[in-house]
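Working notes, structure below.
There are 6 protein chains.
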Amino acid sequence: MSFQRSNGRAHDALRPLRITRGFTRHAEGSVLIEFGDTRVLCTASVEERVPPHKKGSGEGWVTAEYGMLPRSTHTRSDREAARGKQSGRTQEIQRLIGRSLRAVFDLKLLGERTITLDCDVLQADGGTRTAAITGAYVAAQDAVSVLLAQGKIAVSPVLDSVAAVSVGIVEGTPLLDLEYTEDSGCDTDMNVVMTGRGGFVEVQGTAEGVAFSRAEMDALLALATQGIQQLTAAQTAALARPLSA
Amino acid sequence: MSFQRSNGRAHDALRPLRITRGFTRHAEGSVLIEFGDTRVLCTASVEERVPPHKKGSGEGWVTAEYGMLPRSTHTRSDREAARGKQSGRTQEIQRLIGRSLRAVFDLKLLGERTITLDCDVLQADGGTRTAAITGAYVAAQDAVSVLLAQGKIAVSPVLDSVAAVSVGIVEGTPLLDLEYTEDSGCDTDMNVVMTGRGGFVEVQGTAEGVAFSRAEMDALLALATQGIQQLTAAQTAALARPLSA
Amino acid sequence: MSFQRSNGRAHDALRPLRITRGFTRHAEGSVLIEFGDTRVLCTASVEERVPPHKKGSGEGWVTAEYGMLPRSTHTRSDREAARGKQSGRTQEIQRLIGRSLRAVFDLKLLGERTITLDCDVLQADGGTRTAAITGAYVAAQDAVSVLLAQGKIAVSPVLDSVAAVSVGIVEGTPLLDLEYTEDSGCDTDMNVVMTGRGGFVEVQGTAEGVAFSRAEMDALLALATQGIQQLTAAQTAALARPLSA
Amino acid sequence: MSFQRSNGRAHDALRPLRITRGFTRHAEGSVLIEFGDTRVLCTASVEERVPPHKKGSGEGWVTAEYGMLPRSTHTRSDREAARGKQSGRTQEIQRLIGRSLRAVFDLKLLGERTITLDCDVLQADGGTRTAAITGAYVAAQDAVSVLLAQGKIAVSPVLDSVAAVSVGIVEGTPLLDLEYTEDSGCDTDMNVVMTGRGGFVEVQGTAEGVAFSRAEMDALLALATQGIQQLTAAQTAALARPLSA
Amino acid sequence: MSFQRSNGRAHDALRPLRITRGFTRHAEGSVLIEFGDTRVLCTASVEERVPPHKKGSGEGWVTAEYGMLPRSTHTRSDREAARGKQSGRTQEIQRLIGRSLRAVFDLKLLGERTITLDCDVLQADGGTRTAAITGAYVAAQDAVSVLLAQGKIAVSPVLDSVAAVSVGIVEGTPLLDLEYTEDSGCDTDMNVVMTGRGGFVEVQGTAEGVAFSRAEMDALLALATQGIQQLTAAQTAALARPLSA
Amino acid sequence: MSFQRSNGRAHDALRPLRITRGFTRHAEGSVLIEFGDTRVLCTASVEERVPPHKKGSGEGWVTAEYGMLPRSTHTRSDREAARGKQSGRTQEIQRLIGRSLRAVFDLKLLGERTITLDCDVLQADGGTRTAAITGAYVAAQDAVSVLLAQGKIAVSPVLDSVAAVSVGIVEGTPLLDLEYTEDSGCDTDMNVVMTGRGGFVEVQGTAEGVAFSRAEMDALLALATQGIQQLTAAQTAALARPLSA
């Protein structure tokens, strides 16, 4: 195990994690999540309507949108609104966030309404999609609390928690929670989404250079599993704190 | 003077103003500006290229882009990147910001490079465009300091400071620095952009209901002038503080 | 006062003004307005439907669209329909025309119908937006006359007239009604929209080069006020003439 | 022959035809052509560049764009620039105009430059595409005269004249130069483009209802041929008149 | 008559023609049509809804869409879905296919439903639009048979057959059913659409180089007429064969 | 193991597999691949240019585009070219195909040229993306053979083979190579891309309903591994057959 991480971080350690609830005031849930230098603002908005494919079904919908501020990155990227379309990467990520959140929602219990998770990256340093999923869960919980408090729903539709982390192999070393320089230099990159009870929701592994072996995959899944346990604990702790207006 | 403002604010008082430099780390200038509950992240990005109409001119370019996070507002708005185009309002605002900043720049002294001011509204409560201009100036100054420190330019191309504020008439009372509820209820709404030396850069007055008189216009311009003096002082103070990395 | 205008025009003189009603036959109102060499075709179309935000409100809507024929200008510009989007400038202008006309309309008296003002520039020589507003008012009046004649409305929803003119400072001289060469060389450029009774509807002043002083602004507003009085008189005279089919 | 045309027009008569050169001043050629109530503004713009497929070929290019003002028609149509795309009909027409004009141009003699014919319909009453072709030829000739006068070309690249007319069968009667009500009620509709020397450039016949016979086609082609002879004569006469600045 | 065709084909001979019904399984009609090396997959899809302009009319609609796979051509063309818009040529062709099919349909007998003909070119060697029309008719017939078998309609809405072929003059020789190399080198190119009973539905002739004479046009129409008789016979024979699931 | 598959297929059996090389003639590689009723046409096009990020690098590029014919599916889907944009799903799939192929290419050995894999679904019954990857590899090999034969490259840049298969858990039973009805009813769905030597290139597992366990994941990976061994053998066999022109 030879690769040296910045700040002397252990290969199996998460970056400093910070979850700030109530970061902005209009949204039903608003969470700033920080995985080290990666900072994502996740808001949960409740709207009393559903997309066409859910109309009249008695079920609700949970969906996500993702964006990066143009200068959240090392060099400025084009503003997608100005270019007139979202990149394939953006669409891929927002579909992943949406599926991950829906995996822990009972859409019947939600009723015919939509929760939209907007995940906007204020500062990027690797792992924006996993931070987004982890923060979006907390924002979604706060939005559900609002619905419960308003008496719009009687029972929470949230069945479990969900969190995500990236893992990868850099110069032969399996690492947890990759930062940007690790991510761009890695051979294999995997994003893992798991529930609080330990089930897998999504596993997306990609060989950037050479193909990876089954043994490497097992090592990465083990790293991810323990990382997500820590993220789950942090989500629980954050939600246990009072939310000051 | 009968209209009562929230928090007992005087008709000629600005909202609490906060300017945080170095809010994010990648941009050459990064400023979070807060006019009360309005919060705009202004980043200044330097790129060593110019748009086609400036190529080979020896001059640089200063431009701006503006966006609102979908849930920066009371109810969620569509994400412009998802809709595939920027609204007329967005384009109008980003053109205004760009013109305002160019008014205090000597593009020859900047050299053939571009400074892009990205103004993204994290939370909206009226006055987002005036906050954006006021914050963008500070971010632009920080970007210029980077260029000077790198030796890329020898002399600052910044000729003066620039700041902006909204004024309006609500129920017959001229008010400085409108918040959202005041703005949506006002008869006349004016955005004023001025330099530190007191010259006008932009004056945009609109009668929302009945047309306004010359006397009303004079009252509004006077209010704006003194508001901008305070904003200018705050910009100067913010820039005088050390910028911690 | 040193700047010499073309054709010996006085600094406070409008260009030759011509208003031709009934220029085309299908529209409820159709006006060709000429400010010197600037020629704009303004049609007013009545449709018995309103946009979503007015549905069921009992109120009508007045809106505008603006375009330039590709070769209305000195060099050919791209056709916006071919490029697939309207420029920021186009959107800014059509929003301005719409607001200006709505300022003199009682939307309740109009009833749930829409008047669309299409302002298409056939030939451009500066001041296309101010000509468009001035001509659109006449076209709108003709459309209202049709509605009254058809018995669709009993009382005119038009509360006042509206007209617009540009003013600017060129080489230190304040000028009324800028033509293209004056406009492109001017230091300060202001578009003023006023009602027939003398109230301000819009004031949009922009420093192209150095910022302008309060005294300069006062001079420009005075020039604009007298120019608009002449435009108002011309609108009244044009509307007093019989409209031949 | 039973169908009665408006204004007692004979089945083989053109509508009153008017060709006004120099209608606007910036374009190298600017022609307002009127086929009865159909009025199309055709401008010819010369640009000293060619599209990519002609670069370095030593040949020029002739192309066309077509548009209808939103209220040129009986009921207002959407503005294509606002909708963000040109309709299939618009594209079909502008491709037809371009091909028709190129048929009488020697692109080598034109040299590496482009003539763009912008055909904008101010008022529509059937036959806008045929009026556009007929008017565009006159505008193109005026643009070529400018190039000759400027000494940019020594020999005219125009090999022949080109004009177009519509013919159709309405209630069994073959008619020349259909106006809108005839066009919308006709069984067969044909647009014919011919050179001054009598060659066919385009023949586009469409059965709107029942298929048409060879005999009907022959009758329509004969009508079109004599109509185009008259249009050719009118083009020649118009070009023989002096063009007042 | 000097031009030598590939494979010793006579100037008035069609290329080998093959019509394969049931080429794919989901569509109500699915036909692979081959005109020599040109291969077009034509599917007919029935949907129980009509476009807005037919709603409540009691009538159905028949429409078409056309596309070329990016590498159906000699060199790869852009994928229109990726570019974000269909070319003018594509729109022109799909409008032609739609009109041609509607010419043989009684939309009242079809009832309020839509048949969409998707014509996708798998391999192109000239004549893709004429192959598409010829194949689409067969697919439409199969879709109508499904509707009859399902008892959704009692009487076939198909009034006649329809087929299409290209003709052109290459080096002075009139040729039937042009392949790509002939098409790109020809002086005059004509697409002819006819019904089984011999009526003309569309005639679209274009002079690519010099204008064509009436005599040339007559020769082309005669060639096309006999070619379409053979295509009609082939359509009839193909539809007479059993359609294996 | 209780779920009964159609046609008595074993839970660990692939569907009938067919690979037809040289399916169309213009592309350097053209393969029709069939996984049961799923049929995808994969063409490989060689172009002597690279995208901007590879210019001057000495390296080539391998990329993919994916599309479904509108009626390849049970009910007709919108044509993406007509809608004006590719769906998120389409972009996700074409990015996956591109990454998978690049994983077995040495871009340096390819030289500065691009191979584009167009994967167009003619008929869909589940597994279109895995069929596309498996077929695209064969098409890419044929394109490389052309480059070798032309002497444009001296050594093959293909380092290994690549193939893909879907696996999933339906009613508790792990299944190999899901067809449409299995796919839409499954709890967990995983797409696995592997090289011929047995390394993983991509693993994308998604819980459609309840999260999946590590044991389930292991079972799925084992099924996929043996499925891909069969696909690899079939690719090898197909490439060993002579390619008839």
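Protein sequences appear in the order of chains A, B, C, D, E and F.
Under the numbering used here, the very last position in the first sequence is 827; numbers go up by exactly one each time.
Under the numbering used here, the very last position in the second sequence is 827; numbers go up by exactly one each time.
Under the numbering used here, the very last position in the third sequence is 827; numbers go up by exactly one each time.
Under the numbering used here, the very last position in the fourth sequence is 827; numbers go up by exactly one each time.
Under the numbering used here, the very last position in the fifth sequence is 827; numbers go up by exactly one each time.
Under the numbering used here, the very last position in the sixth sequence is 827; numbers go up by exactly one each time.
Glycine included, each C-beta is placed from N, C-alpha and C at the ideal position.
Residues Met650, Pro652 of the same chain have their beta carbon placed closer than 7 Å to that of D:Ser659, with the five preceding and five following residues left out of the count. Each residue's CA atom was taken as its position, placing E:Glu610 and E:Asp707 some 27 Å apart. Between the beta-carbon of E:Val774 and that of E:Val747 there is about 6 Å, and that keeps the pair under the 8 Å contact cut. Here DSSP, grouped into helix, strand and coil, assigns B:Ser738 to coil. When C-beta distances to chain A are compared with 7 Å, the residues of the region 662–692 of chain F below that value are Lys667, Gly670, Gln673, Glu674, Arg677, Arg681, Ala685, in chain order. Against chain B, the beta carbon of A:Ser654 has neighbours under 8 Å at Thr606, His608, listed in chain order. When Cβ-Cβ separations below 8 Å define contact, C:Gln786 makes contact with chain B. With contacts defined by Cβ atoms closer than 8 Å, B:Ala721 and B:Val613 form a contacting pair. Contact annotation for E:Gln817 against chain F: no contact, minimum CB-CB distance about 20 Å [criterion: below 8 Å]. As DSSP reads the structure, B:Pro634 sits in no beta bridge. In terms of Cα proximity to F:Glu641, the closest of F:Thr655, F:Ile735, F:Arg677 is F:Ile735. Judged by DSSP secondary structure, A:Gln705 falls within the beta strand (DSSP E) whose first and last residues are 696–705.
When C-beta atoms of the region 779–795 of chain F are compared with those of the region 781–800 of chain A, three or more pairs fall below 8 Å, so the two segments count as touching. Assignment of C:Gly670 by DSSP, reduced to helix, strand and coil, places it in the helix class. By the criterion of a C-beta distance shorter than 6 Å, D:Leu689 is surrounded in its chain by Glu641, Gly642, once the five residues flanking it on both sides are discounted. At a cut-off of 8 Å between beta-carbon atoms, F:Glu647 makes contact with chain E. Between B:Ala816 and the set B:Gln786, B:Asp702, B:Glu616, B:Arg684, the nearest pair of CA atoms involves B:Glu616. Straight through space, the alpha carbons of F:Leu821 and E:Gln723 are spaced by roughly 40 Å. Taking the beta carbon of E:Met799 as reference, the chain D residues within 9 Å of it are Phe782, Val785, Leu803, listed in sequence order. Judged by DSSP secondary structure, F:Glu641 falls outside any alpha helix (DSSP H); it is assigned neither H nor E. Within chain C, the residues placing a beta-carbon under 7 Å from that of D:Ser627 are Arg653, Arg658, ordered along the chain.
DSSP places F:Arg621 in the strand class (E or B) of the three-state scheme.
F:Ala731 is classed as exposed because its beta carbon has fewer than 16 other beta carbons within 10 Å across all chains shown. At least one CB atom of chain F sits nearer than 8 Å to the CB of A:Thr777.
Within the region 750–775 of chain C, the complete beta strand (DSSP E) segments of 3 residues or longer fall at 755–758, listed in chain order. Around the beta-carbon of F:Leu825, fewer than 16 other beta-carbon atoms lie within 10 Å, marking it exposed.
Taking C-beta separations shorter than 6 Å and ignoring five residues to either side along the sequence, the partners of D:Thr645 in its chain run Gly680, Thr698, following chain order.
In terms of Cβ geometry, B:Val726 and B:Val740 form a close pair [threshold 8 Å]. Inclusion of E:Gln705 and F:His608 in the CB contact set at 8 Å is warranted, their separation being smaller than that value. Residue burial is scored here from C-beta neighbours: F:Thr657 has fewer than 16 other C-beta atoms within 10 angstroms and is therefore classed as exposed.
Straight-line measurement puts the Cα of C:Ala664 at about 7 Å from the Cα of D:Ala663. By the neighbour-count definition (other C-beta atoms within 10 Å, threshold 16), B:Ser627 is a buried residue.
Across the set F:Arg695, F:Arg597, F:Val737, the C-alpha of F:Arg597 shows the shortest separation from the C-alpha of F:Gly618.
Here DSSP, grouped into helix, strand and coil, assigns C:Ala626 to strand. Counting along the chain, the unbroken beta strand (DSSP E) around A:Leu599 starts and ends at 599–603. By the rule that beta-carbons nearer than 8 Å mark a contact, E:Ala789 touches chain D.
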